[in-house]
Amino acid sequence: MWHIRVYRHKRNDKPPGPLHDELVFERLDDARLLRHYENNAKTWAAPLSTTDFLDVHFRMSTLPGEARSFEIWALRKPDDPLGIISSCATYLRDAIMCRGKGVRVTGAVIISEIYTDPEHRGRGFAKLLLKRVQECFDKRDDLDIDFTVIFGNGCLNWYLELGWKPVPATQLTINVDRFQTCSSCEDAWEYLTLQEVYNIANCDVNVSKLRLSKAQGPKTHVQILPSAFMARHHLFRSALLAYKLGQDHADTRHYGVSILEDEATEVSAWWIHDFQNGRLMIGRLYVTRLTNADELVVEVLEAAMGEAVRRGLREVVLWDPSPQVVMAGMEILEKYETEVHVTTGERHEMVPCVRWKGGEERDVVLEEGHFVSWS
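Its first residue numbered 1, the sequence shown is counted upward by one per residue in the UniProt record's numbering.
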């Protein structure tokens, strides 16, 4: 008698799929960029509709210089140009570096939008994709690139295993649920137009280069330049998202604020309205003096708090605050007591992980990693 033995797959077993060495790694052309964003929309679009999510990305690509600054990379099935298994985006950004021998202008690549088809997750395809991206940028001689950055969430060991080392990341958070802003204070603040934000960003780039030139070795100090291009990138996306979420206001737009004490002392900030997460992200805080400007920083933070309340956002967030900004945050807590809740400390989301070109071992310090650095 024949005994027929039936083997049943466990419920969590994955169906058979392609092997690593069978996949094609390539940069996606215009006709297939849509598939990358359609895949990303499955995870990241909410609360936007897929159509609105795709429209935001399409409109972002129309910004001057934007199309030349990003590329989409994918692993796909060998017999199907649209059969994308895993994909990611890379954004070329201007940066500066110093290792105790003066400042050098260079380039950095921000890697984001990492996505793997749910059917093929758990097989290491995302790791394989990032390894291929590493190899590609290590070999490219058409771009002046010294390092790449991934802003990681959750377990950062995953990035560390691939060579991207997490660097210290902190943030200042001011909860304004109970904060009462006053109209007279709002009238006194000098809100920035878009062009004024860009003008300040141009000055910020020059000041950043000067400050980094004072960094001493043997550590390698780097900074993503807070340029007008980056400010426009973030502000345009913020406006698009606000419109899609029905948060567009017809009244005067407040892109930021600037407070000038004298010709040598200025504190300015431009911000992003993150309606999806209920927070006002300070894209960049520009301070001409690193000490003895606490009172001006307090005023700028108060203006940001007022803007958050005005737009129905529950908190103000600033990445990598300087000691002067932390002190200003404590002064706000002392000043308003029960109206606000202020916290500072380690950041556990969007933590920058840095890899030097070629996998070279370097002790890297990411300077002034404000929200403007993210792409």
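Here a beta-carbon is modelled for each residue, glycine too, at the ideal position from N, C-alpha and C.
A quick note: this is a predicted structure, and the numbers were derived from the prediction, not measured.
Between the beta-carbon of M305 and that of F179 there is about 6 angstroms, and that keeps the pair under the 8 angstroms contact cut. At a cut-off of 4 residues, the continuous stretches assigned as alpha helix (DSSP H) that sit fully inside the segment 35-104 are 50-60, 66-69.
Annotation: K101 to V309 spans about 46 angstroms, alpha carbon to alpha carbon.
Under the criterion of beta carbons closer than 8 angstroms, L172 and P321 qualify as touching, at roughly 4 angstroms. About 5 angstroms separates the beta carbons of G256 and A269, which is inside the 8 angstroms limit, making them a contact pair. Note that the C-beta distance between D144 and G107 is below 8 angstroms. Under DSSP, Q223 takes part in a beta bridge, and its partners are I96.
Taking C-alpha positions only, L318 is separated from G65 by approximately 27 angstroms. Secondary structure at M281: strand, using DSSP grouped into helix, strand and coil. Here S268 carries a strand assignment [DSSP, helix/strand/coil]. Residue pairing by DSSP places P352 opposite F151 in a beta bridge. Under DSSP, the beta-bridge partners assigned to T343 are T173. For E261, there is no enclosing alpha helix (DSSP H); the residue is part of the beta strand (DSSP E) that begins and ends at 256-262. I72 is not a Cβ neighbour of L34, given a cutoff of 8 angstroms. Residue pairing from DSSP places T116 in a beta bridge opposite S86. By the criterion of a C-beta distance shorter than 8 angstroms, Y198 is surrounded in its chain by A228, A231, R232, once the five residues flanking it on both sides are discounted. A distance below 8 angstroms between beta-carbons, with the five flanking residues on each side excluded, links T193 to the following residues of its chain, in chain order: Y255. Residue burial annotation: N292 is exposed, with fewer than 16 other C-beta atoms found within 10 angstroms of its C-beta. Residue state for A108 is assigned as strand, using DSSP reduced to three classes. Under the Cβ criterion (8 angstroms, minimum of three pairs), the segment 220-227 counts as touching the segment 203-211.
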